[in-house]
Each structure stands twice: as C-alpha cells, then as structure tokens.
Amino acid sequence: MNHDQLLAAEREKYEMLYAKYQADVLQHHSELAQKDSQHIRATHELENKYDTRLATEIVRYEVLCQEIDAIQQRCESMLQAQASQHENEIRLVDGKAKKIEKDLRRQIDRLYDDACHNENMFREVLDQQEREYETELQQLMLTAQSELQAERENTTVAMGQ
Numbered sequence: 001m002n003h004d005q006l007l008a009a010e011r012e013k014y015e016m017l018y019a020k021y022q023a024d025v026l027q028h029h030s031e032l033a034q035k036d037s038q039h040i041r042a043t044h045e046l047e048n049k050y051d052t053r054l055a056t057e058i059v060r061y062e063v064l065c066q067e068i069d070a071i072q073q074r075c076e077s078m079l080q081a082q083a084s085q086h087e088n089e090i091r092l093v094d095g096k097a098k099k100i101e102k103d104l105r106r107q108i109d110r111l112y113d114d115a116c117h118n119e120n121m122f123r124e125v126l127d128q129q130e131r132e133y134e135t136e137l138q139q140l141m142l143t144a145q146s147e148l149q150a151e152r153e154n155t156t157v158a159m160g161q
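Under full-length UniProt numbering, think of the first position of the sequence shown as 1, with each following residue one higher.
Set out below in structure tokens:
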C-alpha cells in the first residue's frame, strides 16, 4: 500500500467520521429542539392548568364575596328591622304606661276630691247635728227651767197657802 492509498483511506475514514459527526450534531440539534418543544409544551400546559385553576378560584372567591355581602346586607336589614320593631314596641308600651299613669292620676285626683267633699259634708252634717243638739239642749234646759220655775211657783203658792 502506498502512500496515496493510505491517504485516500484516511481521507475516506475522515469523511465517514465527519459525516457521522455531522449526523450526530444534526441528531443532537433535533433532539434538543424536540426537548425544548416538549418543555415549552409542558410549560404551556402547566400555565394553562394554573390559569384555569386560578380563574376557577377567582370565580369561586367572587361568588363567596357576593354571598358574604348578601348575608351581611340581609343581617343588617334584619337588625334594622328588629331595632325598628323594638323601638315601636317601646313607644307603644311607653304610651300605654303614660296613659295608665294619666288615668291613675285622674282617679287619685277624683278620689282626693271625693274625700275632701265627703270630709266637708261630714263636717257640715256634724256641725248641723251639733247645732241641733245644742238647740235641743237649750230647749230642754228652757223647759226644765220653766218646769223648775213652775214648780217653785207651785211650791211657793203651796207654802203660802
């Protein structure tokens, strides 16, 4: 084998190795591009799942916020209605109590007036009876004095006889 043949064999070997190297580089770039594509696709899928989950949770959060607001408004409305009802009941009870107090004061005033009137009437009757007794007593005294005088006169006449 001569030198040209050796050189041709080495060249052929070099070209085969270089072609294999080029094929390996091409395969490596292809695998790398495929892995990048898979990685990008997986990342997009994860992002889409995350976005979907986030959107679902945001909707759930908004629904819960609306429910909480509705419950809070309903509770506030119920508290206001109950406070208003209690105020009305207090006003009614207060009005009834004032009316009862007014009626009782009127009754007390009437009873006091009746008691004063009865006392005056009693005093008047008592005074009248006292006057009648005094008058009757004076008449009895006058009658007794007249009888005594008549008895004295009769006794004087009877003694003088």
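We treat Cβ as the ideally placed atom computed from N, Cα and C, and that holds for glycine.
Collapsing the DSSP output to three states places Asn-2 in coil. Lys-20 and Ala-9 have their C-alpha atoms some 16 Å from each other. Excluding five sequence positions before and after Lys-98, none of the CB atoms of its chain fall closer than 7 Å to its own CB. The alpha-carbon of Ala-42 is positioned some 16 Å away from that of Arg-53.
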